[in-house]
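For the sequence shown, UniProt numbering assigns the number 1 to the initial residue and increments by one for each residue that follows.
The beta carbon of each residue, even a glycine, is placed where N, CA and C say it ideally should be.
Fair warning: this is a prediction, and the values are worked out from it, not measured in the lab.
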Amino acid sequence: MTSTASATATQIHVLTATGFSTKPTNLSPTTVFFGQSLTRTTHSFGLVATTTSTTSSRFPVSTSAKANPTGEQKWTHEGSVTESLPNGMFRVLLDNKDLIIGYISGKIRKNFVRILPGDRVKVEVSRYDSSRGRIVYRLRNRDPTKPVYCSEAPIPSSGSKVKALPTLSRAWNRKNGDAIL
Numbered sequence: 001m002t003s004t005a006s007a008t009a010t011q012i013h014v015l016t017a018t019g020f021s022t023k024p025t026n027l028s029p030t031t032v033f034f035g036q037s038l039t040r041t042t043h044s045f046g047l048v049a050t051t052t053s054t055t056s057s058r059f060p061v062s063t064s065a066k067a068n069p070t071g072e073q074k075w076t077h078e079g080s081v082t083e084s085l086p087n088g089m090f091r092v093l094l095d096n097k098d099l100i101i102g103y104i105s106g107k108i109r110k111n112f113v114r115i116l117p118g119d120r121v122k123v124e125v126s127r128y129d130s131s132r133g134r135i136v137y138r139l140r141n142r143d144p145t146k147p148v149y150c151s152e153a154p155i156p157s158s159g160s161k162v163k164a165l166p167t168l169s170r171a172w173n174r175k176n177g178d179a180i181l
């Protein structure tokens with residue numbers, strides 16, 4: 001197996017006193033290896049210029065992979081929403097029976113994703129504060145053990161009298177004096 005290692009080329013800028021040229025120079029620098037980085041030190045006119053260039057690792061690493069900008073590692077859990085709290089916060093019962101407070105992430109808030117009690121969600125929980133978590137995804141299927149709260153109104157039977165609301169044309173006719181009863 002052939003291993004290729006490439007070093008990024010850097011120019012050394014020598015710090016000079018006033019009146020001297022500040023163009024890059026290619027003096028013979030002293031090369032010292034520290035782990036994976038290449039350090040060059042140049043002594044010129046009693047001043048020192050140090051540049052560091054890195055060599056590529058043996059194993060290719062994707063440059064398009066995004067690192068966590070905060071550097072904090074999160075645990076991802078699934079759970080079901082048990083209660084809706086104010087300001088986009090929810091009480092979430094995780095699959096491991098922990099009860100946490102979940103708040104809506106920015107993408108869910110931006111796209112107006114509606115989260116109701118009984119919904120299954122993915123939650124990122126911080127390792128430092130395991131009582132709070134960020135809801136990052138609402139799963140498609142609802143929890144079948146939880147009741148659906150939006151259809152609690154009883155459906156009227158066919159024999160009961162239901163008063164229909166006036167349509168736009170009836171309201172317009174009443175306004176003009178033509179009452180239809």
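Here the alpha carbons of Val125 and Ser131 stand approximately 8 Å from one another. A buried status is given to Asp119, since no fewer than 16 other beta-carbon atoms sit within 10 Å of its beta-carbon. In this chain, the beta strand (DSSP E) harbouring Ile101 covers 99 to 104. Distance from the CA of Trp75 to the CA of Lys110, rounded to the nearest whole angstrom, comes to 23 Å. One alpha carbon belongs to Arg127, the other to Leu99, and they sit about 15 Å apart. Here the C-alpha atom of Tyr137 lies approximately 7 Å from the C-alpha atom of Val123. Gly106 sits away from Leu94, with the two beta carbons spaced by 8 Å or more.
Between the alpha carbons of Asp129 and Leu139 lies a gap of roughly 24 Å. Shortest Cα-Cα distance from Asn141 to any of Arg134, Val121, Ile135 involves Val121.
The alpha-carbon separation between Val92 and Pro86 amounts to approximately 14 Å.
Counting every other CB atom within 10 Å of its CB across the protein chains shown gives Phe90 a total of 16 or more, marking it as buried.
Cβ neighbours of Val113 within its own chain (closer than 7 Å, five residues either side excluded): Arg138. Cβ-Cβ distances below 8 Å link Ile101 to Leu85, Met89, Phe90, Arg91, Val92, Ser131, Arg132, Gly133 in the same chain, with the five nearest sequence neighbours on each side left out; the list follows chain order. In the structure shown, Ile108 adopts helical secondary structure according to DSSP, grouped into three states. Under DSSP, Arg91 forms a beta bridge with Glu83, Ile101.
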